[in-house]
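Colleague: Residue 22 in this note's numbering sits at position 36 of the sequence shown, and the numbers go up by one each step.
Sharing a structure below in structure tokens format, with a few things to ask.
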Amino acid sequence: MNKLGIMSYIYLGWSAEAIAEDASKHGLAYVQIDPKQAMQVMDDEPFSLTRAEKIRTIFENKGISVVGLSGYTNLLNPNLQKREDKLKQLEKMIDLCSAYGTRYIATETGSLHPTNAWRDFEGNRTPEAWDELLKMVDRLRNRAVKNSAVLLIEGFALNVLATPEQGVRLMEQLGTEGLALIMDPFNYLTQEDLSRQEEAMANIFDCIAPYSPIAHAKDALYGDGGFTTPRVGAGQADWSVYAALLASRLPDVPLILEHAKPEEVAECLDLIRKSFESAVRM
């Protein structure tokens, strides 16, 4: 099965040492780090190279590699000043990739919704929104190339990049230099897809697997609150389908757990491992 890792934000309020220790106990090989997260290591200098190297060393001493950075921000924030401020912050994080020992930094594309980057908005589906997204991604991708880094884009069904086909379109329009996609099928699943998950997930892999150096582990849920992506096992996705596709198409790609609480990590990892065991028997 794919080697497993974890998002650092699962452990908000923990020190880097405590996160690394817990991740090691769970047998994890990777961590995806948010440089903005307080970890009791030079937290007053979040974008310091020295801080990045110290945090990297703490995890490496436990046998855990930094697989990537979390630079998530709304690339199309309708508040242009806030958008620019966040883009500049993301550029600082791109500059830190090598100090953390990784080439990868991830972000969502975001939404033009006036108050919530995770809500749908009619303006997201316009040619103008797509062109603006291309402009923002190209700016960040160029920064990544200068740092020998790779910008990872994570689509989401309610954002401007909402479908796996749009992921392909992005790559075809901008090219693969300094740019790739996160394998996260849960983000793309529509309510209709949940009734035909084998077909839907296979299509997602057909589209974006060739561009995906990292995969994410969570779930998909449509309920009273609309569309959400909770922790593994808390949604409606068929994990055995996902595990089988990972095993056959992306066996060497790190699989990173997200959207869990520290006390839920063991259960989530157990569900993932059992899904891979089931996939082998399919």
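Ideal Cβ positions, reconstructed from N, Cα and C, are used throughout, including at glycine.
Can you give, in chain order, each stretch of the beta strand (DSSP E) that sits fully within the region 94 to 161 and has at least 3 residues?
Modeller: 136 to 140
Colleague: From the DSSP output, which residues share a beta bridge with Met(-13)?
Modeller: Met(-13) pairs with nothing; no bridge assigned.
Colleague: Do Ala38 and Leu82 have their CB atoms nearer than 9 angstroms?
Modeller: yes
Colleague: Give me the Cβ distance between Leu255 and His12, rounded to the nearest whole Å; I'm assuming they're in contact under 8 angstroms.
Modeller: Sure, about 6 angstroms apart at Cβ, within 8 angstroms.
Colleague: Looking at the secondary structure, which residues open and close the alpha helix (DSSP H) in which Val269 lies?
Modeller: Examination of residue 269 is not possible in this model, given that the chain is present from -13 through 268 alone.
Colleague: Using C-beta distances below 6 angstroms, list every residue in its chain close to Lys78, excluding the 5 sequence neighbours before and after it, in chain order.
Modeller: Sequence-distant Cβ neighbours of Lys78 in its own chain, meaning closer than 6 angstroms and more than five residues away, are Phe33.
Colleague: Would you grab the beta carbon distance between Leu119 and Leu62 for me? Rounded to a whole angstrom, and I think it's under 8 angstroms.
Modeller: 6 angstroms
Colleague: Under 7 angstroms Cβ to Cβ from Arg105, same chain only, skipping five residues before and after it: list those, please.
Modeller: Once the five neighbours on either side are set aside, the close Cβ partners of Arg105 are Ser97, His99, Leu144.
Colleague: Residues bridged to Ile91 by DSSP?
Modeller: Paired residue(s): Leu55, Leu137.
Colleague: Enumerate in chain order the residues of its own chain whose CB-to-CB distance from Asn128 is below 8 angstroms, with the five nearest sequence positions on each side excluded.
Modeller: Gly164
Colleague: Pick from Glu114, Tyr58, Val136: whose alpha carbon is nearest that of Ala103?
Modeller: For Ala103, the nearest C-alpha among the options comes from Tyr58.
Colleague: Going by C-alpha distance, which of Gly209, Gln159, Gly(-9), Gln26 is nearest Ser1?
Modeller: Minimum Cα distance to Ser1 is reached at Gln26.
Colleague: So, do the region 167 to 176 and the region 194 to 206 have three or more beta carbon pairs nearer to each other than 8 angstroms?
Modeller: yes
Colleague: Which residues bound the beta strand (DSSP E) around Leu243?
Modeller: 241 to 243
Colleague: Going straight from the alpha carbon of Gly212 to that of Lys121, what length do you get?
Modeller: 30 angstroms
Colleague: Grab me the residues of Gly109's own chain with a C-beta within less than 7 angstroms of its C-beta, minus the 5 sequence neighbours each way, in chain order.
Modeller: Beyond the five residues adjoining it in sequence on each side, Gly109 comes within less than 7 angstroms, by CB distance, of Leu98, Ala115 in the same chain, given in chain order.
Colleague: Quick one, are the C-beta atoms of Leu137 and Ala85 less than 9 angstroms apart?
Modeller: no
Colleague: Out of Ile(-4), Leu(-10), Gly(-9), which one is the CA nearest neighbour of Glu250?
Modeller: Nearest of Ile(-4), Leu(-10), Gly(-9) to Glu250, Cα basis: Ile(-4).
Colleague: So who's on the other strand from Val27, going by DSSP bridges?
Modeller: As DSSP reads the structure, Val27 sits in no beta bridge.
Colleague: Leaving aside the five residues before and after Asp20 along the sequence, list all residues of the same chain whose C-beta is less than 6 angstroms from its C-beta, in chain order.
Modeller: Ser(-6), Tyr(-5), Ser56
Colleague: Kindly list the residues whose CB is nearer than 8 angstroms to the CB of Gly(-1), restricted to its own chain and excluding five residues on each side of it in sequence; keep chain order.
Modeller: So the qualifying residues of the chain are Ala24.
Colleague: Which first and last residues belong to the beta strand (DSSP E) in which Tyr208 is found?
Modeller: 207 to 209
Colleague: Could you give the residue range of the alpha helix (DSSP H) that holds Leu76?
Modeller: 66 to 81
Colleague: So, under 8 angstroms CB-CB, Ile200 and Gly54 are touching, yes? Tell me the CB distance rounded to an integer number of Å.
Modeller: 6 angstroms
Colleague: Between the Cα of Asn60 and the Cα atoms of Lys72, Leu231, Glu178, which residue gives the shortest distance?
Modeller: Lys72
Colleague: May I have the straight-line CA-CA distance separating Arg42 from Thr36, to the nearest angstrom?
Modeller: When rounded, the distance between both Cα atoms is 10 angstroms.
Colleague: Measuring only the C-alpha atoms, how far is Gly243 from Leu(-10)?
Modeller: For clarity, residue 243 is Leu in the given sequence; the question names Gly instead. Looking at the two C-alpha atoms, the distance is approximately 7 angstroms.
Colleague: Identify the residues that DSSP records as bridge partners of Thr214: which are they?
Modeller: Leu207
Colleague: Does DSSP put Ala15 in a helix, in a strand, or in coil?
Modeller: coil
Colleague: Give the secondary structure of Ala166 by DSSP, where H, G and I count as helix, E and B as strand, and everything else as coil.
Modeller: The answer is strand: DSSP assigns Ala166 an E or B state.
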